[in-house]
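Here the sequence shown stands for residues 109 to 393, where the numbers follow this note's numbering.
No residue lacks a Cβ here, since even glycine has one placed at the ideal position from N, Cα and C.
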Amino acid sequence: MNLPAVQNHSLSELISRFEAFPLLSKEEEYGLAVRLKEYNDVDAAHRLVTSNLRNVVRIAMDYAGYGLPLEDIVQEGTIGLMVAVKKFDPYKGYRLMTYAVWWIKAMIHDYILKFFSQVKLGTTKLQKRLFYGLNKLSAEEEVIDGNMNERTQAISARLDADPQQVEEIITRLTYRDQSLDSPLADGSDTSFMDFLSDSGMNPEDRVLENERTVHIESHVHEAMENLSDREQQIIRQRIMADEPQTLEELGKQYNISKERVRQIENNVKNKLRKALESKMDSMVQ
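Structure below.
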């Protein structure tokens, strides 16, 4: 599939080039998607991709603060869009971008996590949440004011995270690490990359996992906003923490019985499950 070159173009040039491709109506998009799915129509795939390239740029701009070339981020997002177009099922009833946005973000996330640091950053859910949350919080005056310790404490409180991990990731966001491909010493053929182990997960599986995580976590976060403060705290400490607290510990903290903590936990799980099921149902209607 021949697509417009992304490399060596400014942001304004990319936007101008991509906006030259006409948008598709819902009916046009559906017809092209059916042609691709039923007849493997390459021209239909090309139109589905090019008509949505402007959306890739808009999504990529949200990640401009990580110090990586925007054109590279756009290129990764475009790969995600192409994967989404290939896998898109028009018969499920929702628009292509509703589905593709998760593939685009997943591919961009994978790119950032892979190349941002010389060590594997973002290997746990907490690290990923900190990595992406910190970049947004860093723009807020009350977070960036003060010395390093004050900043760390402020962000830790906002993100309900361990100060040590926050400080580590702040450092990585502030000081770019040496290139993975850089030699360990002058004249050496060995690079940092040689010391990084491969997770063994193929690219598509990795994108699928990232896409699934991003999708679910966004809906869980939205559903959490409808819980009471105590329900939110209990579910975070009981399920979402790297080291979950016991029923007994939470009972003492909130001055309630272990059985009451268990009841609250089960009630919250049911609320979240129903909220997620409702979201999934609405996407396919």
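What's the C-alpha gap between residue i and residue j?
i	j	result
Y202	V142	13 Å
M215	I364	44 Å
T186	L204	14 Å
E275	S264	9 Å
L213	Y199	Reading off the sequence, residue 213 comes out as Lys, not Leu. Those two C-alpha atoms are separated by around 23 Å.
L176	N257	27 Å
E351	D270	11 Å
F196	E136	15 Å
A349	R266	15 Å
H154	R125	15 Å
V150	H217	28 Å
A262	E367	34 Å
E312	S336	Note that E312 scores a pLDDT of 49, beneath 50, so its modelled location is shaky; the value from the coordinates is reported in the next line. Each residue's Cα considered, the two are about 38 Å apart.
Q272	R259	12 Å
Y330	D268	A small correction: the amino acid at residue 330 is Glu; Tyr does not occupy that position in the sequence shown. Rounded to the nearest angstrom, the two C-alpha atoms are 17 Å apart.
Y362	K382	26 Å
S120	L384	38 Å
Measuring alpha carbon to alpha carbon, tell me which residue in the options is nearest residue i.
i	options	result
A208	G173, R162, Y171 and G175	R162
G139	A152, T260, L189 and R368	A152
R346	Q371, I220, N334 and Q261	Q371
S386	E351, L355, I343 and V328	V328
K194	D218, L178 and L144	L144
K134	E357, I342 and S159	S159
E373	E339, L384, M190 and K382	E339
N375	M332, E351, S124 and D218	M332
A128	E146, V157, D149 and V150	V157
Y174	R125, K222 and V150	K222
N334	Q261, Q272 and K377	K377
Taking C-beta to C-beta, are residue i and residue j nearer than 8 Å?
i	j	result
A168	V182	yes
L122	V165	yes
V369	L355	yes
R211	V191	Note that residue 211 corresponds to Trp in the displayed sequence, not to Arg. Yes, the pair counts as a contact, with Cβ atoms nearer than the cut-off.
I342	L358	yes
E184	Y219	yes
Ends of the alpha helix (DSSP H) at residue i?
i	result
G188	L178 to K195
M169	L161 to M169
L144	K134 to Y147
I342	D337 to I343
L131	Segment: none, L131 is in no alpha helix (DSSP H) and carries neither H nor E.
G201	Careful: G201 lies outside any alpha helix (DSSP H) and carries neither H nor E.
R346	Where R346 is concerned, there is no enclosing alpha helix (DSSP H), given that its DSSP letter is neither H nor E.
N361	In the sequence under discussion, the amino acid at residue 361 is Gln, which differs from the Asn named in the question. Run containing Q361: L355 to Y362, per the alpha helix (DSSP H) assignment.
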